[in-house]
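*Asks:*
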Amino acid sequence: VLCGVRFMAESAAILASPGQTVMIPDTDAGCPMADMISAVDARAALAALDGILAAPAVPVTYMNSYADMKALTGERGGAVCTSGNAVKVMRHFLDAGRPVFFSPDCNLGINCSRALGVAHDRIFRIGRNGSIKGPGDPSRGLIFLWDGYCHVHTRFTPGDVAAARTRVPGITVIVHPECDCAVVEAADLSGSTEGIYEAVREGGPGSAWAIGTEANFVTRLASEFPDRGITPLRTSFCMNMAKTDLGTLEASISSITRHETGGSFLLHEIRVPPAERRDAATSLRLMMDITEGRV
20 VLCGVRFMAE SAAILASPGQ TVMIPDTDAG CPMADMISAV DARAALAALD
70 GILAAPAVPV TYMNSYADMK ALTGERGGAV CTSGNAVKVM RHFLDAGRPV
120 FFSPDCNLGI NCSRALGVAH DRIFRIGRNG SIKGPGDPSR GLIFLWDGYC
170 HVHTRFTPGD VAAARTRVPG ITVIVHPECD CAVVEAADLS GSTEGIYEAV
220 REGGPGSAWA IGTEANFVTR LASEFPDRGI TPLRTSFCMN MAKTDLGTLE
270 ASISSITRHE TGGSFLLHEI RVPPAERRDA ATSLRLMMDI TEGRV
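Each position in the sequence shown, counted from 1, maps to that position plus 19 in this note's numbering.
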């Protein structure tokens, strides 16, 4: 039983071994950012890029996406990425001379592009209407970013960073790379959820932190490390993550008990069509191969 949003449960189902079943407590726990692109949208964008680029663009798709996008990514020879390994995955394809089509989170893509040192005039944004916008010539583009975003992280502003420093002089501000690039630049550090956790853990007792990511995660950090001063940069919740609670989890577990005694069907089982699962697994495994240095 995966206590999270739907794309997480789909990813578990894609990689599950034969005989394993994946369930989710609440199928309404979606992701607005993942909803901002479909495989149909991505195919149209890639076809447009194929018409202007010398080398075909390769999709790099953020983990926060649905199975159809992961499957298209595998079909086109691309890889999934996380916020922690996105730079490494993008570098792998750029070093091979392949332009990158990154989706769905534009901010993460911009922040990774800057970390890679890609020139501003070789980065383009693809609108959900198919427009391609940027300061340079798209035919020379290296990174093409889908115009999606995470509403939790776009709420943070450079003003929040300044306010945190006014409240607590010497505080360390760390934010998730799904934040706007101006917020990332204003902060002291940026990192994935795991990266934020490790930074706070290593910060030691007495350290002070303002954290720009989902508020429930910040609350858990403050509970785990009570000897650090941990506050949210701004209170910003993911309402979809919050849909999983003790009640929905209990219903899932109870359905397993009833199912095993022949009483009923499993509640909210996640199934991915075989062909989609095959191609999606390819993109996930390539991510792991790149991250672990096997390719």
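Note that beta-carbon positions come from the ideal geometry of N, C-alpha and C, so glycine has one too.
Tell me whether the beta-carbon of Ala9 lies closer than 7 angstroms to the beta-carbon of Ala299.
*Replies:* Here the chain has residues from 20 to 314 only, and residue 9 is not among them.
*Asks:* Under DSSP, the beta strand (DSSP E) around Phe120 begins and ends at which residues?
*Replies:* Val119 to Ser122
*Asks:* Note down, in chain order, each residue of its chain lying with its Cβ closer than 7 angstroms to the Cβ of Asp166, except the 5 sequence neighbours on either side.
*Replies:* Cys125, Arg144, Ile145, Gly146 and Arg147
*Asks:* Of the residues Met307, Thr232 and Ala261, which one's Cα is nearest the Cα of Ile249?
*Replies:* Per the C-alpha coordinates, the member of Met307, Thr232 and Ala261 positioned closest to Ile249 is Thr232.
*Asks:* Quick one: what's Cys100 bridged to in DSSP?
*Replies:* Under DSSP, Cys100 forms a beta bridge with Tyr81.
*Asks:* State buried or exposed for Phe256, treating a residue as buried only when at least 16 other CB atoms are found within 10 Å of its CB.
*Replies:* exposed
*Asks:* Are the beta-carbon atoms of Ala218 and Val187 separated by less than 7 angstroms?
*Replies:* no
*Asks:* Alpha carbon to alpha carbon, what distance is there between Ala73 and Cys22?
*Replies:* Straight-line Cα distance between these residues: approximately 44 angstroms.
*Asks:* May I ask which residues mark the beginning and end of the alpha helix (DSSP H) holding Val3?
*Replies:* Past the boundaries of the shown model lies residue 3; the chain is included only from 20 to 314, so the question cannot be answered.
*Asks:* Between Asn130 and Val203, is the Cβ-Cβ spacing less than 7 angstroms?
*Replies:* Their beta carbons are under 7 angstroms apart, which means Asn130 touches Val203 by this criterion.
*Asks:* Give the straight-line distance between the Cα atoms of His170 and Ile272, rounded to the nearest whole angstrom.
*Replies:* 31 angstroms
*Asks:* Helix or strand or just coil, what does DSSP make of Met42?
*Replies:* Three-state result, Met42: strand.
*Asks:* Under 8 angstroms: do the segment 282-302 and the segment 25-39 share three or more Cβ pairs, one atom per stretch?
*Replies:* yes
*Asks:* Note down, in chain order, each residue of its chain lying with its Cβ closer than 8 angstroms to the Cβ of Thr101, except the 5 sequence neighbours on either side.
*Replies:* Tyr81, Met82, Ser211 and Met306
*Asks:* Return the first residue and the last residue of the alpha helix (DSSP H) that Val59 is part of.
*Replies:* Ala58 to Asp69
*Asks:* Just mark Leu127 as buried or exposed, buried being the case when its beta carbon has 16 or more other beta carbons within 10 Å.
*Replies:* buried
*Asks:* Let me check understanding here. Comparing Cα to Cα, which of Leu113, Lys152, Asp264 and Ser122 lies closest to Leu137?
*Replies:* The sequence given here places Val at residue 137; Leu does not occur at that position. Comparing Cα-Cα distances from Val137 to each of Leu113, Lys152, Asp264 and Ser122, the minimum goes to Leu113.
*Asks:* Distance check for Gly103 and Glu213, CA to CA, integer angstroms please.
*Replies:* A direct Cα-Cα distance of roughly 8 angstroms separates Glu213 from Gly103.
*Asks:* Does chain B have any CB closer than 7 angstroms to the CB of Ala134?
*Replies:* Checking the listed chains, one finds no chain B in this structure; it contains a single protein chain.
*Asks:* Tell me whether Ala76 is buried or exposed, calling it buried when 16 or more other Cβ atoms sit within 10 Å of its Cβ.
*Replies:* buried
*Asks:* Cutting at 8 angstroms between CB atoms, please list the residues of its own chain near Asp45, excluding the five before and the five after it.
*Replies:* If you ignore the 5 residues before and after Asp45, its C-beta comes within less than 8 angstroms of the C-beta of Lys262, Thr263, Thr267 and His287, all in its own chain and listed in chain order.
*Asks:* Enumerate, from N- to C-terminal direction, the unbroken alpha helix (DSSP H) stretches of 4 or more residues contained entirely within the segment 114-182.
*Replies:* 125-134
*Asks:* Out of Ala206, Glu243 and Leu161, point me to the one whose CA is closest to Pro224's CA.
*Replies:* Glu243
*Asks:* Thr250 lies in the alpha helix (DSSP H); which residues open and close that run?
*Replies:* No alpha helix (DSSP H) contains Thr250, which is instead part of the beta strand (DSSP E) from Gly248 to Pro251.
*Asks:* Leaving aside the five residues before and after Arg133 along the sequence, list all residues of the same chain whose C-beta is less than 7 angstroms from its C-beta, in chain order.
*Replies:* Cys200
*Asks:* Could I get the ranges of all uninterrupted beta strand (DSSP E) runs contained in the segment 229-299, with 3 residues as the minimum, in chain order?
*Replies:* 248-251
*Asks:* Inspect the beta-carbon positions of Pro177 and Ile71 and report whether they are closer than 7 angstroms.
*Replies:* no
*Asks:* Classify Ser13 as helix, strand or coil using the three-state DSSP reduction.
*Replies:* Lying outside 20 to 314, the shown extent of the chain, residue 13 is not represented and no answer is given.
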